[in-house]
């Protein structure tokens with residue numbers, strides 16, 4: 140069940156403030172997350188060959204068993220910034236580590252915003268000191284930290300779960316940002332999951348990778364993998380529960396998956412110009428990879444996405460997108476449902492009430508596409524957005 | 140050199156007329172192409188697993204040495220129409236073969252238009268007889284035939300070349316249609332190249348495949364491979380030139396490539412809502428496939444396409460799209476030029492006059508993106524369009 144009032148897991152303190160990267164002084168652009176004692180940390184990063192300095196740094200340091208702090212800035216991605224970028228990322232880690240009495244190697248960093256511009260180093264370092272003096276574990280501090288993740292996001296993105304362990308509760312609280320990429324050069328999906336569960340580093344890494352594969356890696360807004368995408372998991376181990384698991388491993392994994400899914404869907408729903416969130420389920424495939432390829436082809440098709448924006452139950456665009464996914468299948472076995480209405484079966488369209496299906500798309504934000512192949516038992520799920528004139532306007536009319 | 144007044148190669152006659160598929164009686168929707176004697180025919184078809192009945196039929200019959208006629212209709216794709224669709228495609232071939240005194244197996248068929256609706260069979264068959272009585276080899280007949288290929292195309296698409304052979308000229312005349320896919324369920328790129336060169340079937344097939352690989356397969360409007368995409372080459376062998384080649388093989392191959400490229404670019408330029416044609420050159424790769432993957436990632440990125448629409452020299456979107464193409468490369472070797480202006484080198488942006496580059500995009504229809512990797516000598520070229528609010532409007536606001 141969703142948790143209505145996210146508060147922090149034991150062992151964490153956070154702060155969010157404006158340090159001067161964003162031009163609007165009322166908008167937070169720097170967050171600091173501190174763990175009282177050494178935390179286990181895991182990370183999953185962008186697969187883009189062009190990756191930002193903070194990604195390079197964190198990738199080297201995770202998984203780890205001794206992380207004490209994370210510093211996050213928005214408004215500048217510190218990407219495509221060369222050696223200066225690497226130095227700035229290291230300096231941010233040094234500053235936040237110093238502020239909490241740790242070594243530089245015990246800190247991680249995430250950045251999001253403009254690509255290709257150097258960070259305003261003095262402002263950021265002064266901000267880290269100031270933020271470290273404002274740390275708190277209440278909702279006010281958490282909300283400020285979440286706002287410091289935002290770029291073109293219209294809302295801060297938070298999710299939390301509590302899992303009952305054998306000796307008491309285990310808590311997960313997570314922050315994310317993301318709303319597609321937007322110009323000029325704004326980028327990135329970032330997420331940070333804090334938990335007081337007790338996890339070994341390799342377990343934390345495996346659980347995070349599994350959760351990301353089924354959640355953040357299943358959302359597409361514009362198919363544009365950014366230079367900065369990062370998901371971190373920090374585990375303080377301070378829950379008053381069974382050591383090493385903190386709760387049943389299955390319950391913890393499910394809760395981790397849930398917070399990731401909730402945030403992933405919040406990112407899709409906040410997609411630029413989005414009027415619909417589209418869930419694509421592909422079933423009956425030989426392998427999960429083949430199911431994913433088909434889901435991606437459908438979810439990336441501008442013709443499918445514009446049809447949903449126009450509330451058009453255009454089965455032809457959907458089945459033909461499935462057909463060019465590069466996956467071999469028998470077209471005569473293909474079936475399609477849109478918002479639970481069967482539109483296509485055995486290689487032919489079915490008669491259906493197009494006006495009623497169009498109305499069902501128009502009346503709700505969530506749209507479901509189900510494709511069934513007759514090749515096997517594997518399936519995949521993907522969430523995407525529709526494609527609206529507003530998306531194009533936002534991304535075309537913002538000039539450098 | 141482009142040929143200013145396309146006329147037909149020896150041995151061909153064509154007709155175009157309205158038979159009643161399109162609701163507007165002033166618009167041609169049926170073309171018949173007849174060869175006086177057996178022609179060599181080659182075909183290249185959609186790779187979509189969901190392919191239309193005419194594609195299935197032609198694929199079976201090509202390459203061939205005895206083709207006498209091709210019938211083409213627009214307004215109905217005869218796709219996703221089941222067994223009825225196969226029967227309709229066969230009946231169209233039978234009718235056009237009969238009209239020119241040939242066997243059904245000597246005819247080919249191409250269809251484009253609405254998916255999932257049965258053809259108005261009686262109208263089409265009556266139209267084939269009527270068209271066969273109007274055959275001509277002049278420009279009026281050719282223009283009418285070209286208009287009969289059109290769906291959402293705003294202009295008929297023709298290209299021609301003459302190659303001087305040892306004993307006289309060899310002629311190529313080609314018709315194409317395509318302007319992305321548009322709703323509801325309109326589809327397809329079709330092209331038909333007629334030549335009086337003398338070619339063996341396997342040579343015709345190889346030359347056509349090579350030309351298509353470098354031209355029609357290098358254009359992307361929305362990345363949506365249709366159910367009906369077909370390119371046919373018919374060679375009558377009636378040029379008064381050297382038997383078996385009709386001209387030097389290299390000169391013929393170059394001319395074939397040129398007509399295909401001219402038509403491919405005409406399709407991109409006619410892309411729905413297009414305000415720019417973008418040429419993407421990727422150089423310095425290990426293999427042509429890797430170069431193509433990078434070109435496709437850049438050309439399919441809605442963020443790159445919206446940036447061009449907005450005349451925004453957004454190098455960050457371009458290099459990050461290259462980075463997620465799934466091709467391994469050293470980011471520090473990556474270079475980018477936009478309209479001949481260097482924007483990125485050695486992993487960092489270069490200082491450049493953004494206003495001047497933006498102005499150069501705004502002032503011309505053609506935009507060139509050149510990416511250079513430092514991995515090898517292979518390269519690839521791709522043409523695409525920008526992505527405008529008009530494209531989304533056209534594809535979202537047309538309701539079923």
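Residue numbers (the working numbering), protein chains in the order written: chain V, 140 to 539; chain S, 140 to 539.
Beta carbons are placed, not taken as given, at the ideal position from N, Cα and C, and that holds for glycine.
Since we're looking at a predicted model, the values are computed, not measured.
Residue i (DSSP reduced to helix, strand or coil)
i             : result
residue 153/V : strand
residue 231/V : helix
residue 159/V : coil
residue 526/V : coil
residue 171/V : strand
residue 360/S : coil
residue 503/V : coil
residue 409/V : coil
residue 517/V : strand
residue 534/V : helix
residue 339/S : coil
residue 450/V : coil
residue 424/V : strand
residue 325/S : At residue 325/S the pLDDT is 46, less than 50, meaning the model places this residue with poor confidence; the figure from the coordinates comes in the next sentence. Note: residue 325/S maps to strand in three-state DSSP.
residue 379/V : coil
residue 317/S : coil
residue 457/V : helix
residue 225/V : helix
residue 291/S : coil
residue 196/S : helix
Supposed close pair residue i, residue j - CB separation, criterion 8 Å
i             : j             : result
residue 153/S : residue 281/S : 6 Å
residue 150/S : residue 174/S : 5 Å
residue 310/S : residue 148/S : 4 Å
residue 411/S : residue 533/S : 5 Å
residue 246/S : residue 236/S : 4 Å
residue 375/S : residue 328/S : With a Cβ gap of about 24 Å, residue 375/S and residue 328/S do not count as contacting.
Proximity winner among the options, relative to residue i (alpha-carbon distances)
i             : options                       : result
residue 369/S : 148/S, 192/S, 286/S and 151/S : 192/S
residue 508/S : 490/S, 466/S, 455/S and 347/S : 455/S
residue 436/S : 536/S, 247/S, 279/S and 522/S : 522/S
residue 213/S : 358/S, 498/S and 292/S        : 292/S
residue 341/S : 315/S, 373/S and 353/S        : 373/S
residue 182/V : 273/V, 350/V and 461/V        : 350/V
residue 474/S : 492/S, 440/S and 420/S        : 420/S
residue 318/S : 312/S, 416/S, 335/S and 536/S : 416/S
residue 207/V : 248/V, 515/V and 524/V        : 248/V
residue 394/V : 302/V, 234/V, 218/V and 225/V : 302/V
residue 418/S : 196/S, 431/S and 424/S        : 431/S
residue 457/S : 215/S, 178/S, 225/S and 510/S : 510/S
residue 277/S : 261/S, 312/S and 288/S        : 312/S
Burial state of residue i, where buried means 16 or more other Cβ atoms lie within 10 Å
i             : result
residue 240/S : exposed
residue 501/S : exposed
residue 257/S : exposed
residue 490/S : exposed
residue 279/V : exposed
residue 283/S : buried
residue 531/S : buried
residue 377/V : buried
residue 504/V : exposed
residue 428/S : exposed
residue 252/S : buried
residue 344/S : buried
residue 322/V : At residue 322/V the pLDDT is 41, less than 50, meaning the model places this residue with poor confidence and gives no usable figure here.
Beta-bridge partners of residue i, as assigned by DSSP
i             : result
residue 483/S : 475/S and 488/S
residue 312/S : 299/S and 333/S
residue 184/V : 369/V
residue 215/V : 251/V and 253/V
residue 419/V : 508/V and 521/V
residue 275/V : 153/V
residue 304/S : 307/S
residue 246/S : 208/S
residue 179/V : 374/V
residue 203/S : 180/S
Any C-beta of chain C under 9 Å from that of residue i
i             : result
residue 462/S : The structure shown contains no chain C; its protein chains are V and S.
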